[in-house]
Structure formats: C-alpha cells, structure tokens
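Visitor: Take a look at the following structure, please.
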Amino acid sequence: MLGMVLSLLDRPVVLRRAALASLVANIGIVCTGGLVRLTGSGLGCPTWPRCTEESYVTTQAMGHHGIIEFGNRTLTFVLGLIAVVALAAAWRQRQRVPGLLAAGVWMMAGIAFQGVLGGITVRMALNPWTVMAHFLASMLLIALAYVFWHRTRDVPPRWTAPRAIRSAGIVITAVSAVVLVLGTVVTGSGPHSGDTKAARTGFDPATVSQLHGDAVFVLVGLTIALWFGLRALGAPLRVTRAAALLLAVELGQGIVGFVQYFTGLPWPVVLLHMLGACLVWTATLGLLLAVSPGRAPAGGAAAEDQLVLDAQPDASTA
249 MLGMVLSLLD RPVVLRRAAL ASLVANIGIV CTGGLVRLTG SGLGCPTWPR CTEESYVTTQ
309 AMGHHGIIEF GNRTLTFVLG LIAVVALAAA WRQRQRVPGL LAAGVWMMAG IAFQGVLGGI
369 TVRMALNPWT VMAHFLASML LIALAYVFWH RTRDVPPRWT APRAIRSAGI VITAVSAVVL
429 VLGTVVTGSG PHSGDTKAAR TGFDPATVSQ LHGDAVFVLV GLTIALWFGL RALGAPLRVT
489 RAAALLLAVE LGQGIVGFVQ YFTGLPWPVV LLHMLGACLV WTATLGLLLA VSPGRAPAGG
549 AAAEDQLVLD AQPDASTA
C-alpha cells in the first residue's frame, strides 16, 4: 500500500494536479468566506477555535448562520489536506523540480497562519481591519499556490523580455495589489459587514469606491499599454495571450463592479465580484511570470535584453 502511494507521488501528473487543486481550493475558500460575510453569518460560530463555548461544531440553536460559518471553517481542513498531498509530491520530486519544495512549505505555513488569523477575526467580532487582513492573506496564499502550480508546469522560455517589459509587469502587479487593498477598504466601509453588530471603517463608501475605481482604470490602461508593447516587440503568442487574458478579466470584473454598485450591492453580484478579484489576481500573476526571467534554455543564457523570437531565422542563412 505504501509503495503504491509513493509511486503515485512520484508521478509528475499527480504533482501538477495536486498543485492545481490547491490553487482552485484557495480561490474557492475565498468565495465561501465571502458567502459567510454576505449572508450575515460572520459570527455564526461566535468564538474560536470552538464554534460555541460548549461545542467545537455548530449546534441546532445556531441555525443556518452556524452551518454556513462552520462549513467554511471545515473547508480549511480540506485545503490543508490538498496542500499536504502537494507538499508530499513536491518532496518526492524535489530533485526533478528545484525550488518547488520551498514553495510548498510556505504554502502550508500560510494556511496555518490564515487559520489563526481567521480565529482572531472572529474573536475581534469582525473588526473590519482584521477582516481586510484575512482577505489579503488569502491573496498571498493564492499567489503562493499559483507559483507552486506554475513551477510544476514551467518549461525553459524561448523569449527573454527586455528590462522595460519586465518592469512594466512588476508595476502592473503592484497596481493590481493596490486595487485589491482598496477593494477591501470599500468592503470594510460598506453594508456587508458579516454581522449586524460588526463595526465599519468609518470611511465614506462612495469616496473609497471612487478611489478604487480610479485604480482599476489605471490598471486597465497599463495592461493595454503592455499588450501593445508586446505586440510591437513580436513577443511569443503565449506572452501576448497572458496580457490579453488579464485585460479580458479586468474588463469583465469592471462590468460586474459597475453592476453591483448601481444595483445596491446585491450579495450574489458581490460574491461574483469577489471571484473576479481572485481571477484578476491570478491573471496578473500569470502575466508577471510570463515576462519574468525563467530557467535559461539549454545551450547558455541569453543576453539580458535580447529578444529571441519563436520563428526567428538563423543569421547564417540570411
């Protein structure tokens, strides 16, 4: 039995699927956490680590709010189990994929930290600043899971991006992070607090929403500019597609954002917007990694700012 398990963990396809499952699970638990808040179930289990002072699980007296909150807590264990499988596979294949094991360890540590932070959030009665920190910690976990998954499928690049393109990728990632932070401020100032007794930041929702929207416009503009730059440089299709995907997700997220704002923040649309935030973030990471230096191709590394096009003819035949 043990031999069969070890044989499975030695398979690259198992590692890739476990890494992808971890990424999907991290995005999923953000959405279920959003459901907890949007249904007013944030204190469905009013304490932590117990659900009530007498029970570790929800009781009939807690009603549907207790079920929703406790269900989200339970998913943390599912997330941890997937991460354990991914880490075990990374350990078995650490010689084949250098650097993968460290990413897996950080991911496990992040899940543990996030669980404790979630408990602190409950014990602080959904203080908006701890709720914001809880969400942003999930974004860090998604980033770790994405990098972990990316390394399981990474291949030597055939294109080395110029320094200006790499810098643009970093700037877009930074702006995307700012958009996420401002989005949490909007959430902490708006009506969906997770519980009727939960505090708010005190900021004017309309003002912080406008600031958040302005940052989104900057992000979209930078993405369009980078896409045109990649096209002008003749970047490989996989790289221009990464920029196009990010732009498409940004535009879709923008539409959802306008809809939720002008329809009075109905919770199903807000939940869709939370999913969109995760997708924008993962698409941003995809673009960043697409223009970042990877493992050098066999035969020697390219010069720092050299463009190596997919179909570039050999100079000796010109």
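Going by the numbering used here, the first residue of the sequence shown is number 249, and it counts up by one from there. Backbone N, C-alpha and C define an ideal beta-carbon position, used for all residues, glycine too.
#1: Determine the extent of the alpha helix (DSSP H) in which Asp-462 is found, giving its start and end residues.
#2: Classify Ala-373 as helix, strand or coil using the three-state DSSP reduction.
#3: Assign Met-387 to one of three DSSP states: helix, strand, or coil.
#4: If we call anything under 9 angstroms between Cβ atoms a contact, is Ile-235 one with Gly-477?
#5: Are Ala-273 and Ile-316 close, meaning C-beta to C-beta below 9 angstroms?
#6: From this set, Ala-267, Gly-276 and Val-539, which residue's C-alpha is nearest Gly-415's C-alpha?
#7: Write down the C-beta distance between Leu-493 and Val-423 rounded to the nearest angstrom, noting that I regard them as a contact closer than 8 angstroms.
#8: Going by C-alpha distance, which of Ile-277, Leu-256 and Phe-510 is nearest Cys-526?
#9: Look at the Cβ atom of Thr-435, then the Cβ atom of Val-379, and state whether they are nearer than 9 angstroms.
#10: Counting pairs of beta carbons, one from the stretch 261-275 and one from the stretch 391-399, are three or more of them closer than 8 angstroms?
#11: By Cβ distance, which residues of its chain are closer than 8 angstroms to Gly-431, with the 5 residues on each side in sequence left out?
#12: Tell me whether Thr-322 is buried or exposed, calling it buried when 16 or more other Cβ atoms sit within 10 Å of its Cβ.
#13: Report the rounded CA-to-CA distance for Gly-282 versus Met-522, giving the unit in angstroms.
#14: According to DSSP, simplified to helix, strand and coil, what is Arg-298?
#15: Cα separation between Pro-297 and Val-528?
#16: Would you call the CB atoms of Leu-513 and Gly-438 closer than 9 angstroms?
#17: Determine whether the beta carbon atoms of Ala-385 and Leu-291 lie at a separation below 9 angstroms.
#18: Cutting at 7 angstroms between CB atoms, please list the residues of its own chain near Ser-475, excluding the five before and the five after it.
#19: Could you check where the alpha helix (DSSP H) with Trp-529 kicks off and where it finishes?
#20: On the CB-based measure, 16 or more other CB atoms within 10 Å of its CB, does Val-427 come out buried or exposed?
#21: Nearest CA to the CA of Val-456: which residue from Gly-500, Trp-407 and Tyr-509?
#22: Beta carbon of His-497, beta carbon of Ala-473: below 9 angstroms?
#23: Leaving out five residues on either side along the sequence, give the residues of the same chain with a beta carbon under 8 angstroms from the beta carbon of Gly-319.
#24: Is it buried or exposed, Phe-325, if we count other Cβ atoms within 10 angstroms and call 16 or more buried?
#25: Identify, in the order they occur along the chain, each residue of the same chain with its Cβ nearer than 8 angstroms to the Cβ of Asp-558, setting aside the five sequence neighbours on each side.
#26: Take the Cβ of Thr-369 as the centre, count every other Cβ of all protein chains shown within 10 Å, and call the residue buried at 16 or more, exposed below.
#27: So, with DSSP's three-state summary, where would you put Ala-446?
#28: Would you say Val-345 and Ala-338 are within 9 angstroms of each other, going by their C-beta atoms?
#29: Does the distance from the C-beta atom of Leu-327 to that of Thr-400 stay below 9 angstroms?
#30: May I have the straight-line CA-CA distance separating Gly-482 from Gln-501, to the nearest angstrom?
Guide: A quick look at the data gives this:
#1: 453-481
#2: coil
#3: helix
#4: Absent from the model: residue 235. The displayed extent of the chain is 249 to 566, so no value can be given.
#5: no
#6: Checking the displayed sequence, the identity of residue 415 turns out to be Ser instead of Gly. Ser-415 has its Cα closest to that of Val-539, out of Ala-267, Gly-276 and Val-539.
#7: Between Val-423 and Leu-493 the Cβ distance is about 17 angstroms, and since that is not below 8 angstroms, they are no contact.
#8: Ile-277
#9: yes
#10: yes
#11: His-460 and Ala-525
#12: exposed
#13: 7 angstroms
#14: coil
#15: 32 angstroms
#16: yes
#17: no
#18: It should be noted that the sequence gives Trp, not Ser, for residue 475. Answer for Trp-475: Thr-488, Ala-491, Ala-492 and Leu-495, listed in chain order.
#19: 515-539
#20: buried
#21: Tyr-509
#22: First, the amino acid is wrong: residue 497 is Val here, not His. Cβ atoms of Val-497 and Ala-473: not closer than 9 angstroms.
#23: Thr-280
#24: exposed
#25: In this predicted model, Asp-558 has a pLDDT of only 40, less than 50, meaning its place in the structure is not dependable; the value taken from the coordinates is given anyway. Once the five neighbours on either side are set aside, the close Cβ partners of Asp-558 are Arg-406, Trp-407, Pro-484 and Leu-485.
#26: buried
#27: coil
#28: yes
#29: no
#30: 28 angstroms
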